[in-house]
Amino acid sequence: MSSSSAFNDDKGGSSSVGEPEYGHDPASGGIFSSDYKRHDDLKEMLDSNKDSSKLEAMKRIVAMIARGKNASDLFPAVVKNVACKNIEVKKLVYVYLVRYAEEQQDLALLSISTFQRGLKDPNQLIRASALRVLSSIRVTIIVPIMMLAIKEAASDMSPYVRKTAAHAIPKLYSLDPEQKDQLIEVIEKLLADKTTLVAGSVVMAFEEVCPERIDLIHKNYRKLCNLLIDVEEWGQVVIINMLTRYARTQFLNPNINESLLEEGGGGEKTFYGSEEDEDDEEEEKEKKSEAAALAKRKPYVMDPDHRLLLRNTKPLLQSRNAAVVMAVAQLYFHLAPKAEVGVIAKALVRLLRSHSEVQYVVLQNVATMTIKRRGMFEPYLKSFYIRSTDPTQIKVLKLEVLTNLANETNISTILREFQTYIKSMDKDFVAATIQAIGRCATNIGEVRDTCLNGLVQLLSNRDELVVAESVVVIKKLLQMQPEKHSDIIKHMAKLTDNIQVPMARASILWLIGEYCEHVPKIAPDVLRKMAKSFTNEEDIVKLQIINLAAKLYLTNSKQTKLLTQYVLNLAKYDQNYDIRDRARFIRQLIVPTEKCGALSKYAKKLFLALKPAPVLESPFKDRDHFQLGSLSHLLNAKAGGYQELPDWPEAAPDPSVRNVEVPEWTKCSSREKRKEKKVEKPFYSDSEGESGPTESADSESDSASGSESGSGSEESGSGSESEESEEGSESEEEEEEEEGEEKDQKKKKNKEIKKPVQESESENSSEEEERKNERKRRQRKNDSESESEEEEDESESESSQSESEDSDSEAEVKKKKVKTAQTKPPPKPAKTDNKKGKKEMSLLDLDDFEPAPSPQVTPVNNFLSNSLVTDLEGLSLSDNVLSPATISPSSATKSYELLHRITGEGLSVEYCFSRQPFSPDANMVAVQIEFTNNTTNDTKNLHMEDVKLQSGMRVKEFPEIELLPAGETTTAVMGIDFCDSTQAANFQLCTHSRKFFVSIQPPVGELMRPVFLTENEFKKEQGQLMGMNEITEKLMLDVKCRNEHAIVQRVITAANLSRVPCGSDKECRFSGRTVTSSSLVLVTVASKEEGTAQLMVNCEKMVIGTMLVKDILLALTQ
C-alpha cells in the first residue's frame, strides 16, 4: 500500500502535478510516458483488496473522462470491478462503462452476465446503470437480452428505472429497427405511467420510434397536459412539441371563423348592390345568415381538450428555461385563437435579456411572427432597438423586426433610429440598415420621398460601402416614379468616377440606360467614359455597359453609333463567354443588316419595355411553413429528423377517444372547487399593459359563452377537464400518502422535485390507498381551500413584479391599448410634433412629411447643407481597394513530410504551402505536393479518396496522376479551405494497389494572404482592433536577428504577411487577411535597447491572434 500512498501524496487532489496542461504540445513524448506510468498506478489501485483505494482510483478515472482525456486502456482493469460489493465503486464503474462500452464491445460482452445480475440488484441506481450499460453495447447479438431487460425495467417499482428504460428504447430501435412492434408495446405501457419523472423520457422515445402512432396519445392526452407543469424542463420541451403536432390533427382551427366573417361581409355588399333578381337576394341572405350564425357559434365550440392544453401551458411562459418559453410560444402561435396569441409577446421580449445565442434564436422566431401578427409586438418596439454591444447577426435580426413593425404611426421614430445606425462602424450592419430604409420606403408610400432624399444625401458619404449600398437601394426606389427624379439620376451619373464597387456601378449604368430619355445629354457621356475603362471592369459592369450602349443606340443613334460599335467590338473578344454571347446577340438585334431576323423590328420594345418595380420582401416571409423553434426554421431548410406540422382537419375527429373511465372514489368536491377557482383567475393580472387585446378578449368570449349557452358545451367541457385533472392530481396525492408524510402540499411538492426516486420507490395495494384517502380527505378539505387562496396571492405578486420590470414602456403601451380598444381609424401624426422636429436638420427628417398628394423631391444641391456635412464627417468606414499583394519570396516556403518512403513502400510525398493564390477558389490555401517514386516499378493512378474534414472545411482535390515512372518526381497542387482553423485535413492517398492514410495540418501563418496597406491605413485599422483584439508580448531577440532585414525575413517566413511602409527604423509592420473570412491581421515588431523588443498582434479573430503570437515569438527568439 506504500506505492498507493506515495501516489496520493504526489498527485493528491483533482489537478495533479504530473498531468499535462491544455497549452502543452500533445505530440511531446513526455506526456505519453507519464500517462502510462499513471495508468499503471491506477491499475494497481483497482486490483487492490481495499474498497477505499478502488474508490479513489475510480474517482480519478471519471475525472479524467470529464476533462476529455482518453482512459480506454483501463477498460479491462475497470470491468473486473463491476461485481464489487461497494455501492459507490459500482456506481462509478457503471459511469465508466457507459462511456466506453461502445468502443470496447468484445470486453463488455464478457461481463454481460454481471450486467444481467445488476438488473436484479435491490438498489434502483444499480439497476438503472446496468440497463444503461447494456443498451450502450452496440452489438446485434444481444438484442434479445436488451429487449427482455427493457420490458422488465418498464414494469419496475422505481420510476427512475422506468425512465432509464424509456431512454434505452431509441438506442435499441436504432440498433435493430425490426423490434419496432415490441418497442411500441413498451412505449404504450410507459405512456400510461403517472409519474412526472417518466413522462418526458417516454414521449421522447415515442417521437424517435413511432411519431405517426397518434392513437397511443389519445388516452394519455389529458394526463400529459396535467403533468406538464411538474415535468423536468427538457421533458416539457419534448412534450409541448409533440402535443403541438397532436393538436393540429385532432382539433379545428380556432381562427377559421375570420374567413367566414369576411365572406359574410362580402355577401352583405352584393346583397345591397344587387337589385335585379329576388331569388339571388334570398340566396345571398341565407348564406349571409348562415355565415353569421356559424361565426357566432364557432368561438364557443373550441374543444375543451384544446382549451386544457392552452391553459396548462400558459404558466410555463414564466419558466427560467428559454427553450420551454420558446416551445410554449410556438404552441400558442400555431394553436391559439388570434385574440390570445398576444400573451406570448412579453415572455419572448423577456428572453431578449439573455445571452446572444438565445437572442439569435428568439429573434429569428419573432421576425417570422411579426410578418403575420405585427400588432403583437408593437407595444414592445423599444425592446428591439439596437445596442452598440450587440453582435452583427443580432443587429441585423433586430433591424428585420423593426422593419416588419414599421407602419404610418411609428415610422418617424423608427427612421430616426436608422439615422443613428448609419453612423455605426460595423459595415455589414450599415448596409443592412440602408436596405431596411429601402424596405420601409416601398411598404409605406408616405415616406418614400423622404427616404429617397435621405439616401441621396448618403451618396456624399466618404465611405464607399455606404454609397454603394445606397445606390443599389435608390435604384429600386426610383423604378417606382422615375419621371420625377431626373435630378437624382444626374447626380448618380457623376458618381461613376468614384464608386468602385461593381454592384453599385452596374446599378447606376442600368438606371441611366433605363431612363436615358430623362437624361439625354448625360447618358452618351457616361457611355464614352465607360467605353474607355471597359476592359478593366468586372463582368457584371461590362454587361450593363453593353445594355446601355444598345439602349442609347436605339434612342440616340447619331451621337452613340460609333461608341456602340466600339463597345460591341471590345465585348466580342472578351474572356467571359456570357459577355461575348450578349454582344453577338445585341449586334444582330439592333444593327440592321440584310440577314437580320424578324426580331430586329421589335428591338425597341424589347430593350425599352416598361419593367415592374421590384418588390422588397422580408427574407422571413416564407419561413412560417416550418414549425417555429425548430432547427429547420432556424436554417430555413429541412433538417434531418424534422417532422412537418400537420394541416388543420376540415372536420373535427371524434373527441370521445380521449375519454378515460375515472373510478368513483377519486371524485372530490373540494378539489373541484379548487380547480374552478384556479380557472377563473387569469394567469397574467388584468392590470398589465398587454391584457388589453388578449385577456380582455378572452374573458369577454368566456362570459358571452356563459350567458348565451347557459349550461352548454363550455360547462360540459370544464366538467370533463376537472374530472381528468382530478385523476392527475389524485395520482400524485396517492404517492404522497404512501410516503406517510403529514405535511401541507407545498412541502410535498418540493420533496417530490428533490427526491423523485425515493418518493415512489415503495408502492402499496389499492385497498390501502382507498382507506388512507378516506381518512385524509376530511383533514385536507379546509387546507386545500386556504392553500388555493395563497397561490392566487403569490401569482398576483409575481405578475406585479414582472410588470414593474418593463415600467419604462408600460405607460405608452397602455395608451396605445386604450386607442386600439376604441375602433377608430389610425391616428395621424400630430402637428405639434412637426414643429419640434423642424428645428434640427437631420439625415432622415421624417416628421415634416404630411400626406400631400404628390410630394416632390427637391434638387440635390439643396440637400448638402453644412449641418449634414458635419454630421457625416464622423463616419470613418473607408475600406480602400486593396492593391495586389506582393507575393512573398519563395525562400519563405518550408516543406513538410506527408508520406515517408518506408511507410509508403517506396513512394515518398512532401508538401509545402506555395503562398500563391489558388485560382479555382480564392478562399482556399494552395498546397503544392511533390511525389517521388523511389521504387523500380511504375506507380499508377495516384489520387485522393475518403476525405474527412471538420465542419466548414472544403478540399479541391488534385487531378489524378495516371503514371509516375520509377525514380521520377512530379508535383501537383490541391486547394484546402481550412475555415481559418489549424484543424488537419485527413484523407487517403491511393495508388493502383495501395491506400495510405495521411493528413495535412497548416501552421497558423499559412492561413493568411498578404494585403498591402499604407501607413495611415495601418494605424487607422489598428486603432479599431484594440482591447481583446490586441495581444502584446515582450521578447529578447536572437543575436542574429537584431537588424531590420533579419526581423522582416523571419516574420515573413513564419506568416504569409505583407510589409507595411513605416517612417521609423525601430519598427517593422506587417499586414494580411485570413484566407477564408478575410479578417484583418496586423503585426508590429518594435525593437528596443540591448536586443529587447515588443511584439504586438491585432486580429479580429482572437484565437488566430494568440497562435500567431506564439509562432512569431518562436521565429524571433531562436
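Each residue of the sequence shown is one higher than the last, beginning at 155 in the numbering used here. Built from N, CA and C at the ideal position, the CB exists for glycine as well. Given the structure is predicted, the values throughout are model-derived calculations rather than measurements.
Among the residues of its own chain, which have a CB less than 7 Å from the CB of residue i, if the five just before and after it don't count?
{"i": "glycine 1245", "result": "Met1190, Leu1191, Arg1196"}
{"i": "glycine 1058", "result": "Phe1150"}
{"i": "phenylalanine 761", "result": "Ala704, Lys705, Leu708"}
{"i": "arginine 1148", "result": "Glu1059"}
{"i": "methionine 530", "result": "Val495, Gly496, Ala499, Met523"}
{"i": "valine 287", "result": "Tyr248, Leu251, Val252, Ala255, Phe269"}
{"i": "alanine 237", "result": "Thr268"}
{"i": "glutamate 1114", "result": "Asn1095, Leu1096, His1097"}
{"i": "alanine 401", "result": "His460, Leu463, Leu489"}
Assign residue i to one of three DSSP states: helix, strand, or coil.
{"i": "arginine 1191", "result": "Note that residue 1191 is leucine in the sequence shown here, rather than arginine. In this structure, leucine 1191 counts as coil in the three-state DSSP scheme."}
{"i": "glycine 127", "result": "Outside the modelled stretch of the chain, which goes from 155 to 1272, sits residue 127, for which no answer is possible."}
{"i": "histidine 1146", "result": "coil"}
{"i": "aspartate 260", "result": "helix"}
{"i": "glutamine 633", "result": "coil"}
{"i": "glutamate 242", "result": "helix"}
{"i": "tyrosine 400", "result": "helix"}
{"i": "aspartate 347", "result": "coil"}
{"i": "tyrosine 731", "result": "helix"}
{"i": "phenylalanine 1072", "result": "coil"}
{"i": "arginine 1163", "result": "strand"}
{"i": "lysine 1094", "result": "strand"}
{"i": "asparagine 1087", "result": "strand"}
{"i": "glycine 1058", "result": "coil"}
{"i": "leucine 1268", "result": "helix"}
{"i": "glutamine 1082", "result": "strand"}
When you compare only the Cα positions, how much space is there between residue i and residue j?
{"i": "lysine 133", "j": "valine 1263", "result": "Shown here, the chain extends from 155 to 1272; a query on residue 133 therefore has no answer."}
{"i": "alanine 1240", "j": "cysteine 1222", "result": "6 Å"}
{"i": "glutamine 790", "j": "lysine 1242", "result": "According to the sequence as given, residue 790 is asparagine; it is not glutamine. Each residue's Cα considered, the two are about 55 Å apart."}
{"i": "leucine 1273", "j": "proline 1074", "result": "Summary: the structure shown does not reach residue 1273, with the chain confined to residues 155 through 1272, and so no result is reported for it."}
{"i": "alanine 590", "j": "aspartate 347", "result": "53 Å"}
{"i": "tyrosine 756", "j": "tryptophan 664", "result": "20 Å"}
{"i": "methionine 1261", "j": "lysine 581", "result": "27 Å"}
{"i": "asparagine 1087", "j": "alanine 1126", "result": "14 Å"}
{"i": "arginine 1163", "j": "glutamine 633", "result": "41 Å"}
{"i": "aspartate 840", "j": "asparagine 519", "result": "Its pLDDT being 43, under 50, aspartate 840 is placed unreliably by the model, and the measurement read from it follows with that caveat. Approximately 27 Å, taken between the alpha carbons."}
{"i": "glutamine 729", "j": "serine 1068", "result": "27 Å"}
{"i": "glutamate 618", "j": "cysteine 605", "result": "19 Å"}
{"i": "isoleucine 354", "j": "proline 365", "result": "The sequence given here places glycine at residue 354; isoleucine does not occur at that position. Roughly 14 Å separates the two Cα atoms."}
{"i": "leucine 378", "j": "leucine 397", "result": "9 Å"}
{"i": "leucine 464", "j": "arginine 399", "result": "14 Å"}
{"i": "alanine 320", "j": "valine 516", "result": "31 Å"}
For residue i, which residues in the same chain have their Cβ closer than 6 Å to its Cβ, ignoring the five residues on either side in sequence?
{"i": "isoleucine 642", "result": "Val610"}
{"i": "lysine 343", "result": "Ala308"}
{"i": "alanine 725", "result": "Ile700, Ile733, Ala737"}
{"i": "phenylalanine 229", "result": "Tyr254, Gln258, Leu261"}
{"i": "isoleucine 338", "result": "Cys364"}
{"i": "methionine 218", "result": "Ala225"}
{"i": "alanine 806", "result": "Leu406"}
So, at 8 Å on beta carbons, what are the nonlocal neighbours of residue i in its own chain, with the 5 sequence-adjacent residues on each side left out?
{"i": "valine 1152", "result": "Leu1052, Leu1053, Val1063, Asn1140, Phe1141, Gln1142, Leu1143"}
{"i": "lysine 630", "result": "Gly592, Thr596, Ala767, Pro768, Leu770"}
{"i": "glutamate 97", "result": "Nothing can be reported for residue 97: it is not among the residues displayed for the chain, which extend from 155 to 1272."}
{"i": "serine 786", "result": "Phe780, Lys792, Ala793, Tyr796"}
{"i": "valine 216", "result": "Leu246, Val249, Tyr250"}
* Three or more C-beta pairs below 8 Å linking the segment 1196 to 1205 and the segment 1128 to 1145 -> no
* Asked: Are the segment 465 to 476 and the segment 377 to 391 in contact at 8 Å, needing three or more beta carbon pairs?
  -> yes
* Asked: Which parts of the segment 1196 to 1260 are runs of the beta strand (DSSP E), unbroken and 3 residues or longer, counting only runs that do not cross its ends?
  -> 1212 to 1214, 1221 to 1228, 1234 to 1241, 1246 to 1253
* Evaluate contact between the segment 571 to 578 and the segment 740 to 747, counting only Cβ atoms and requiring at least three cross-stretch pairs below 8 Å. => no
* What are the uninterrupted segments assigned as alpha helix (DSSP H) that are 4 or more residues long and contained completely in the segment 776 to 801, given in chain order? -> 785 to 789
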